[in-house]
Every structure is written in C-alpha cells, then in structure tokens.
Amino acid sequence: MATDDSMQPLGPGDRGPAVADVHAALRALTLLPAAGAAEEASLDQAVYDPATELAVRHFQQVRGLTVDGRVGEETYRALSEARWSLGDRLLHHDPVRAMRGDDVTNLQDRLHELGYDAGPVDGVFGPETEVGLRAFQRDYGLTSDGTCGPATLRALRQLGRKVTGGRPQLLRQSASFVESGPHLIRRRIVVDPGHGGTDTGNTVGETTEADLVLDLASRIEGRLAAAGATVYLTRGRDQDPSPAERTAFANDARADLFLSLHTDAHSSEHARGVASYYYGTGSGASSTVGEQFANLVRREVVARTGMLDLGSHPKTWDLLRMSRMPAVRLDVGYLSHPVDRLLLLDARLRSTVASAVLAAVQRLFLPAEADPPTGTFILPAKR
Numbered sequence: 001m002a003t004d005d006s007m008q009p010l011g012p013g014d015r016g017p018a019v020a021d022v023h024a025a026l027r028a029l030t031l032l033p034a035a036g037a038a039e040e041a042s043l044d045q046a047v048y049d050p051a052t053e054l055a056v057r058h059f060q061q062v063r064g065l066t067v068d069g070r071v072g073e074e075t076y077r078a079l080s081e082a083r084w085s086l087g088d089r090l091l092h093h094d095p096v097r098a099m100r101g102d103d104v105t106n107l108q109d110r111l112h113e114l115g116y117d118a119g120p121v122d123g124v125f126g127p128e129t130e131v132g133l134r135a136f137q138r139d140y141g142l143t144s145d146g147t148c149g150p151a152t153l154r155a156l157r158q159l160g161r162k163v164t165g166g167r168p169q170l171l172r173q174s175a176s177f178v179e180s181g182p183h184l185i186r187r188r189i190v191v192d193p194g195h196g197g198t199d200t201g202n203t204v205g206e207t208t209e210a211d212l213v214l215d216l217a218s219r220i221e222g223r224l225a226a227a228g229a230t231v232y233l234t235r236g237r238d239q240d241p242s243p244a245e246r247t248a249f250a251n252d253a254r255a256d257l258f259l260s261l262h263t264d265a266h267s268s269e270h271a272r273g274v275a276s277y278y279y280g281t282g283s284g285a286s287s288t289v290g291e292q293f294a295n296l297v298r299r300e301v302v303a304r305t306g307m308l309d310l311g312s313h314p315k316t317w318d319l320l321r322m323s324r325m326p327a328v329r330l331d332v333g334y335l336s337h338p339v340d341r342l343l344l345l346d347a348r349l350r351s352t353v354a355s356a357v358l359a360a361v362q363r364l365f366l367p368a369e370a371d372p373p374t375g376t377f378i379l380p381a382k383r
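Quick note on the UniProt record's numbering: the sequence shown kicks off at 1 and runs consecutively.
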C-alpha cells in the first residue's frame with residue numbers, strides 16, 4: 001500500500017544528513033525531544049533509531065498517510081508542509097510551483113468558514129484559493145491582490161465564523177451530482193489500475209496485483225461504457241505512471257470521478273477483506289462526494305461478494321489529494337489470504353466486483369428517494 005515509491009525511503013538503521021533533516025522536522029513538531037549540542041554538531045552521524053521510527057509512525061497516522069515508519073517522498077513532503085503556520089510567509093498563487101503547507105490549509109479553512117469558496121482544503125494554493133482570497137479582500141476593503149500578507153491576516157483573525165452547518169463548496173459539489181441527472185451518458189470516469197509495467201505490486205506465486213487490477217479495470221470499463229459513460233484507463237499492461245501522472249491524467253480529462261484499484265497483502269494470516277479510501281485529514285477537511293462514493297462502492301462490493309468489510313478511511317495520499325474530482329482508492333481483498341486470493345482468481349468474482357462498481361457509480365447520481373438498498377441495484381440494459 002505504500003505510496004512513497006519514487007525516492008529511496010529512509011528507515012531504521014539509516015544515518016546521515018537526510019536523517020538529521022527528519023529529526024529537525026520531528027523536533028519542530030514536538031514529536032522528538034530537543035537535540036543536545038553534541039548531536040547538533042554531528043549531522044553525518046544522525047541515526048534513524050527506534051524513537052525516530054515511532055515518531056514517524058505517529059506523524060503518518062495523524063496526517064492520514066500510510067503508516068510504515070519509513071520516510072519516503074510523500075512523508076518527507078508532508079513533514080516539510082507541517083512546519084508552516086499561517087503568518088510565517090506571504091502566500092500567493094504560483095502557477096509554476098504551487099505553494100504547499102499547513103498555512104495554506106489554515107487559510108483555505110478560514111475562507112470557507114467565512115463563506116468564501118477557496119476550492120478543496122488540500123493545502124495547495126491553486127487558482128481557486130486565489131479567487132476565494134481575492135473575493136474576501138474585495139468585500140472587506142483590502143487590496144484585492146490575491147496575496148495573503150499582514151493586512152489580510154489581521155482581517156482574517158478579527159472576523160468571526162460566518163458559515164455554520166457545512167461548507168458551501170462541499171455542499172454544492174454534493175448537490176450538483178444529483179442535480180445533473182441520474183443518467184451516466186457522457187459522464188467522464190477515470191479508472192486507475194494500480195502498479196503496472198515492471199512494478200507488479202503484491203505478488204503471490206504467479207499471481208500479481210498489477211495483472212488482476214488491470215483485468216478488473218477492463219471489466220469496469222466495459223460496464224460503464226455500456227451504460228453510456230466515457231471511460232479512460234490510466235495505463236495499459238506495460239506502463240507504470242507515477243501517482244502524479246495518474247492524477248494529472250484524470251485532471252486533464254476533466255473527469256467526473258476517479259477510481260484507483262488495488263489489492264493488498266500483509267504478513268498476518270488473518271488480514272483479508274475490502275477497504276476504500278477518500279481524501280480527508282480525519283479532522284474536518286475531506287471530500288464529501290469522495291467519502292460518499294467510497295462508502296457506496298465498498299458496500300456494494302461487500303454485499304455482492306461476501307468479502308469482509310474493512311470500512312472506508314480518510315487519507316491524504318497525493319493520488320487522492322491532487323485530484324480535482326471526487327477520487328477513491330478501492331482495495332479489493334488480500335492476495336496474502338488464501339480465501340481472498342481464490343476469490344480474486346475467479347473471473348466471475350471480478351465480474352461481480354465490476355457490476356458492484358457500476359451500481360455504486362449510478363447510485364451516486366440518484367436522489368435519496370430513488371436510491372435502492374445496497375446490493376439490489378441492477379442497471380437496465382441500454383437501449
């Protein structure tokens with residue numbers, strides 16, 4: 001399940017300046033005690049010890065990252081973003097290198113609380129955040145330059161919360177799915193089979209995650225296309241796009257939904273079942289429609305296959321965070337569990353999962369009064 005693949009992760013036993021950087025970030029977050037003079041003077045000897053691993057695991061858990069106790073690209077970036085507090089620097093939209101950090105998240109949160117649509121609360125200062133900030137500045141008699149400086153910060157801190165009962169941007173997104181109509185014709189859906197190419201993912205014997213999810217993605221593509229949707233796959237058999245390339249593909253396609261497919265594996269002989277993930281911090285900021293879709297698709301798969309229900313969970317993985325549409329990752333079973341593996345090797349089971357995904361997608365666009373019970377919906381044949 002790890003998403004920190006594009007750099008060599010730091011882990012127990014590693015030492016050197018890179019480990020010293022991790023120590024400094026963890027100390028700034030009060031997850032490690034302050035360093036002594038001798039330790040500060042010997043950066044080359046900094047060691048990734050058990051205390052470091054425990055602190056990293058705690059940080060990953062709180063931030064909604066994969067909890068593996070190692071610092072790869074995504075965890076390292078999250079540590080860097082966590083050091084910024086609102087007011088530490090001028091914030092503005094840079095179309096070439098977007099500003100990212102907890103200060104941006106706090107700004108987006110604050111604008112939403114005041115009733116301004118600043119786009120997803122994702123900690124990335126994009127054009128939507130600039131539009132929301134300019135609107136706030138204009139309404140409160142400030143220079144509408146889209147830069148969050150001292151004057152704007154003072155105004156933000158002086159004003160009380162104006163919106164209660166939900167964030168307008170999230171409520172509008174949820175309502176727009178139902179208001180756009182129940183049909184799937186011309187809906188753009190990106191299906192992302194995980195791994196690919198030389199990256200086979202979890203492997204047991206000759207069974208690889210990459211091959212299974214590609215077959216599953218093709219079955220889902222066929223069912224959605226038959227219902228009228230326009231479906232794109234992020235890869236073929238020989239490609240292995242990075243998470244950034246996969247989300248960029250979905251964004252460029254202006255997709256309505258993004259579904260990433262995986263299987264899992266674990267050393268525990270008891271690990272089995274189906275889980276889904278959506279963008280969320282676990283403490284407020286989340287994708288409303290993403291959470292709804294994650295719950296729908298997981299429950300439909302569980303109801304139709306009898307596999308164990310492992311729930312839906314908020315995560316801040318870039319694959320979910322950087323998608324401009326509701327995005328969900330679905331982990332269908334554990335290749336390391338003999339029962340799940342036998343089920344996944346059955347083509348009929350994979351067809352059942354594809355039907356479950358179709359039902360979940362259709363239910364997402366239905367009004368509450370027309371939404372059928374889980375496991376019962378069958379899309380009528382397209383005329």
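All residues carry an ideal CB built from backbone N, CA and C; glycine is no exception.
Membership of Asp192 in the beta strand (DSSP E) is indicated by the continuous run 188 to 193.
In the DSSP assignment, Arg329 falls outside any alpha helix (DSSP H) and within the unbroken beta strand (DSSP E) covering 327 to 334.
Annotated as distal: Met307 and Asp256, with beta-carbon spacing of 8 Å or more. For Val121, the secondary structure class from DSSP, reduced to helix, strand or coil, is coil. Three or more Cβ pairs closer than 8 Å define a contact, and the segment 287 to 304 meets that threshold against the segment 347 to 363.
Excluding sequence positions up to five before and after Ala265, its CB lies within less than 7 Å of the CB of Asn202, Tyr334, Leu335, Ser336, all in the same chain and listed in chain order. Counting the other CB atoms within 10 Å of its CB gives Val353 a total of 16 or more, which places it among the buried residues.
Looking only at Leu310, Phe136, Ile220, the smallest Cα-Cα distance to Ala271 is reached by Leu310. Under the DSSP assignment, Phe59 falls in the alpha helix (DSSP H) whose first and last residues are 50 to 63. Pairing Leu159 with Leu107 gives a Cβ-Cβ distance that is not under 8 Å.
In the structure shown, the three-state DSSP call for Tyr140 is coil. With a 10 Å radius around the Cβ and a threshold of 16 neighbouring Cβ atoms, Val96 comes out exposed.
For Thr152, the uninterrupted alpha helix (DSSP H) run begins and ends at 150 to 158, by DSSP. Each residue's CA atom was taken as its position, placing Ala327 and Val339 some 28 Å apart. For Asp264, the secondary structure class from DSSP, reduced to helix, strand or coil, is strand. Taking 8 Å as the cut-off, the Cβ atoms of Asp192 and Arg321 do not count as close. Around the beta-carbon of Ile220, 16 or more other beta-carbon atoms lie within 10 Å, marking it buried.
Counting C-beta pairs closer than 8 Å gives fewer than three between the segment 71 to 83 and the segment 136 to 149, which falls short of the contact rule. Cβ-Cβ distances below 7 Å link Val47 to Arg15, Val19 in the same chain, with the five nearest sequence neighbours on each side left out; the list follows chain order. Taking C-beta atoms under 8 Å as the contact rule, Glu53 and Pro12 qualify, at a distance of about 5 Å. Unbroken beta strand (DSSP E) runs of no fewer than 3 residues, entirely contained in the segment 211 to 296, are found at 230 to 233, 257 to 264, 274 to 279, following chain order. For Asp309, there is no enclosing alpha helix (DSSP H); the enclosing beta strand (DSSP E) has its first and last residue at 309 to 315. Beyond the five residues adjoining it in sequence on each side, Ser351 comes within less than 7 Å, by CB distance, of Arg219 in the same chain, given in chain order. A Cβ-Cβ contact shorter than 8 Å links Val190 with Phe249. In summary, Glu209 is buried, with 16 or more beta-carbon neighbours lying within 10 Å of its beta-carbon over all protein chains present. Across the set Leu214, Ser355, Pro33, the C-alpha of Leu214 shows the shortest separation from the C-alpha of Gly197. Taking a 10 Å sphere around the C-beta of Asp331, we find 16 or more other C-beta atoms and assign the residue as buried.
Membership of Val361 in the alpha helix (DSSP H) is indicated by the continuous run 347 to 364.
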